[in-house]
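Per our numbering, residue 495 is the first one in the sequence shown, and the count goes up by one each step.
Ideal Cβ positions, reconstructed from N, Cα and C, are used throughout, including at glycine.
Predicted model only: the values in this text are computed from it and were never measured.
Have a look at the structure below, then the notes.
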Amino acid sequence: MTKISSLFLGVLILILTSCSNTEQADLIVHNAKIYTVNDLFDIAEAMVISDGKIIDIGPEHEIRNKYHAKKTIDAKKQAIYPGFIDAHCHFVGYALNLKTVNLVGTKSFDEVLNRTIDFSKNNNDEWIVGRGWDQNDWEIKEFPSREKLDSLFPTQPVFLTRIDGHSAIANGEALRRANITSKTKINGGAIIAYNTESKQNQTLNFSATEQASDNQSQLTGVVIDNAVDLINKVIPQPNLKYLETALLEAQHKLFEAGITTVDDAGLSKDTIDLIDRLQQENKLKMKVYAMISGNQNMLNHYLEKGPYKTDRLSVNSFKFYADGALGSRGACLLEPYTDIIESEHHGLLISEADFFNKYAPLLYEKGFQMNTHCIGDSANRLILDVYARTLKGVNDKRWRIEHAQVIHPTDFEKFKTYTIIPSIQPTHATSDMYWAKDRLGEHRVKGAYAYKDLLNQNGIVALGTDFPVEDISPIKTFYAAVARKDASGQPKDGYQMENALTKKEALKGMTIWAALSNFEENEKGSLEIGKAADFVILNNDIMTTNEENILDVKVVQTFINGEDVFSLKK
Ligand SMILES: [Zn+2]
C-alpha cells in the first residue's frame, strides 16, 4: 500500500467511525440564542431538524457531538424564535388588496382621489376597487362624499373601502350597479344621505331601522356595515387563477415579516378548498388556520361535514360578527357615543341575538370553535353571555372573542368564568388611541384595549394584527404590546400603560398562546422536540434590546417545517 492510499484509508476510517457515533439529520442550526418558548422559557444554543420536525434541541456541544447533517446553519449568536403566528388577520383579503388601490396612510380625500387616478391608468379591471382610507387621519375628520369621484369616473364603478372594511365610499355608477337608492332599506348597516335641510352629511341618522328617508335626499356614497356587502356582492369575483397568484405573492411578503401561520378570520368554502389544493401542490407553504365565515351557506355545509385538518390547514372554527368598528361608529356600545351629543347613537349589531343563540349550541355539538368579532361593550356583553349559556362554566372549548376591544368593567371576569380566549391586536390600540377617547369618553376608554386585564383572566391572550387593517409586521405588534406606542414612537410615555404586556407575554401571545387558541400547541408555537421546525432568525434580540431599537429589528431568515422560505439579501 502506498503512503497516500494508506493515508486515504485512515481518513476514511475516521469519517466512518465519526459517522457511526453520530446521528444523521437534515439540518442543524447552531451557535444561536434560541428562545424555545417552552414551559420553562428555556434558551438553547442549537437544534436539530429532520423531516420538518425538531428532533433535538439543547447546548451547542451536546448537539454537535451527537448529530451530523446534510446542512448546517451557523446562526452567529443571533436570536431565534418560534415562527410568528398571526392569530387574527385576513390573509386572502390582504392578498387581493395587493391588486387594488392602496389607500393606507392617505392624509386627505384629495390624496385618495389622486391615488385612485394613478392606479386606474395601469388597470383594466371593470371596477376600480381600493381600501385603506381613514377619515380620522385627515384634516377634515368627516366621511367624504362622492361628487369629485363621480366627475372623475362618470361611467366606471369605483368602490373605496375604509381601513376597517366596515364602511366605504361608492361613486354613482357603483351605487347604480348595486341598485342602491335613497329608498333602499338595510338591516345592520346604513346608507348615508345628505341632510337636505342643513346640507350636512346626515351621518348621525342611522340605525338598523332608521334610514335615509324617502324625501329623495341624495346619497353621499358612504355605506356602512351590511350596506358595504350590497356593493361587494355585485363586484365581479376574482377567478381562482387570479387569487392563486395573489396568495403566492402575499405569502412571500408574510415570510419576509417572519409569519409562519395565519389565522384567516372569515373564509368561504371555495377559498378554503383553493388554499388546501395549493398547499397539497406545495405551492402555498404558509400554514393556515381557517375560520369559516359564519353565514348560512357555510354553516349548512360545514356543520354537516365537520372539522377538517391537514399538516398545514385547520378548519375547525367559525367566524361571526357581532358589531361593526369603532372608527366608523358601528361598534355597539351600552351607552351612547360620547362624540355625538345630538342623538343617542349606540352603534349597531350586525346580527340579532337569536342568530348567535341558535348557532352556539350547534357549533358546540359538532366540535367547532366559535370566534366572534366584538368591538363595543354591548357586543362583547351579548356574545360573552351567548357563549356562557352554551359553555356553562370552565371548559376547554377555547371559544374566542375577536378584538375584545371595549369591555364593561363587570364583564372582564366572564372571560375567566367561561374560559374564553381574548384574541387581540395591539396595533389597534396604538392606531385608535388618537380618537378612542372622543368616541368613548374618559371613563369608558379605560376598559378599552385593556390587554393586561384580559390576560389576567385566564393567563392567555392570542395576538394578531387584523391585517390589512393594520400592518402585517409582528415586530410592530410586539412593540405596540410592550411599549404601547405607535410606529412614530408616540405617545412618549405609552398609551394606558397599565395595560402593557411584558416582553415575555407578548412573545408568548404571538407564538405558543396563539397556537393554543388554535388547538395547535402540540405541533407549533414553541421550539421543542416533536414540534414543527417553524422558526425565525432575527438580526437583533427583541427580548433584550432597548425599546427604541425594536422597530428596526429585521427578519434574517424564516423557516417552515425546516424549509428556508425567506432569506434576507445581504
Ligand atoms: Zn378582522
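| Query | Result |
| --- | --- |
| Using C-beta distances below 8 Å, list every residue in its chain close to E704, excluding the 5 sequence neighbours before and after it, in chain order. | Low local confidence applies: a pLDDT of 38 at E704 is under 50, so the model's placement there is unreliable, with the coordinate-based value given in what follows. Excluding positions up to five away in sequence, the list is empty. |
| Looking at the strands, I want to know which residues DSSP matches up with L1032. | A573, V1049 |
| Kindly indicate which residue of K735, A974, A687 has the alpha-carbon position closest to the one of L1100. | Residue numbering for the chain in the displayed model covers 495 to 1064; residue 1100 lies beyond these limits and cannot be assessed. |
| Is it buried or exposed for D1058, if we count other Cβ within 10 angstroms and need 16 for buried? | exposed |
| Going by C-alpha to C-alpha distance, which of L1045, I622, A1009, N810 sits closest to Q731? | I622 |
| Count the other CB atoms, across all protein chains shown, that sit within 10 Å of the CB of I847; report buried if there are 16 or more and exposed otherwise. | Sequence inspection shows Ala at residue 847; the Ile mentioned does not correspond to that position. Answer is exposed; the Cβ neighbour count stays below 16. |
| At a threshold of 6 Å, does D960 count as lining ligand 1 (C-beta to nearest heavy atom)? | yes |
| Taking only heavy atoms of ligand 1 into account, decide whether any of them is closer than 6 Å to the Cβ of A759. | yes |
| With a CB to CB cut of under 8 Å and the five nearest residues on each side skipped, what residues in its chain are close to L885? | Y858, K891, W893, Y912, T913, I914 |
| Going straight from the alpha carbon of C868 to that of A672, what length do you get? | 28 Å |
| My assumption, with CB atoms under 8 Å, is that S967 sits in contact with A740. Please give the rounded CB distance. | Contact doesn't hold; Cβ gap of about 20 Å is too wide. |
| Please confirm whether Y973 and L1032 have their CB atoms less than 7 Å apart. | no |
| Measuring straight from C-alpha to C-alpha, what distance separates E992 and E738? | 44 Å |
| Quick one: grab the DSSP three-state call for Y858. | helix |
| Just to confirm before moving on: does the CB-CB distance between I718 and G1056 stay below 7 Å? | no |
| What residue range does the beta strand (DSSP E) around M1004 cover? | That residue, M1004, is in no beta strand (DSSP E); its alpha helix (DSSP H) goes 997–1004. |
| Can you list, in chain order, the stretches of the alpha helix (DSSP H) that have 4 or more residues and sit fully within the segment 864–928? | 871–885, 906–911, 920–926 |
| Please return the same chain residues whose Cβ sits closer than 8 Å to the Cβ of L607, not counting the five positions on each side in sequence. | K642, L643, L646 |
| Please confirm if T832 has its CB atom under 7 Å from at least one CB of chain B. | Note that chain B does not occur in the displayed structure, where there is just one protein chain. |
| Would you kindly report the start and end of the unbroken alpha helix (DSSP H) that includes V542? | From DSSP, V542 is part of no alpha helix (DSSP H) but of the beta strand (DSSP E) over 540–544. |
| Going straight from the alpha carbon of E1014 to that of I725, what length do you get? | 37 Å |
| What is the DSSP secondary structure of G587, reduced to helix, strand or coil? | helix |
| Out of curiosity, what's the CA-to-CA distance linking D1035 and I528? | 10 Å |
| Kindly indicate which three-state DSSP category V606 falls into: helix, strand or coil? | helix |
| Please report the straight-line C-alpha distance between I969 and V1047, rounded to a whole angstrom. | 7 Å |
| By alpha-carbon positions, which one of N559, D545, E667 ends up nearest to Y515? | Reading off the sequence shown, one finds Asn at residue 515, where the question assumed Tyr. Out of N559, D545, E667, N559 has the C-alpha closest to the C-alpha of N515. |
| Would the beta-carbon of K997 fall within 7 Å of that of Q951? | no |
| Between which two residues does the alpha helix (DSSP H) harbouring G1019 extend? | Note, G1019: premise wrong, no alpha helix (DSSP H); not H, not E. |
| Mind checking which residues open and close the alpha helix (DSSP H) that includes D980? | Careful: D980 lies outside any alpha helix (DSSP H) and carries neither H nor E. |
| Do the segment 771–791 and the segment 830–840 meet, that is, are 3 or more Cβ pairs less than 8 Å apart? | no |
| In whole angstroms, what is the alpha-carbon distance linking F473 and D980? | One cannot answer for residue 473 here, as it falls past the ends of the chain, which runs 495 to 1064. |
| Quick one: measure Cβ to Cβ for S811 and M792, integer angstroms, because I've assumed they're closer than 8 Å. | Not quite, the Cβ-Cβ distance comes to about 12 Å (not below 8 Å), so this is no contact. |
| So what's G599 in DSSP terms, helix, strand or just coil? | coil |
| Can you say whether K1063 is buried or exposed, counting buried as having 16 or more other CB atoms within 10 angstroms of its CB? | exposed |
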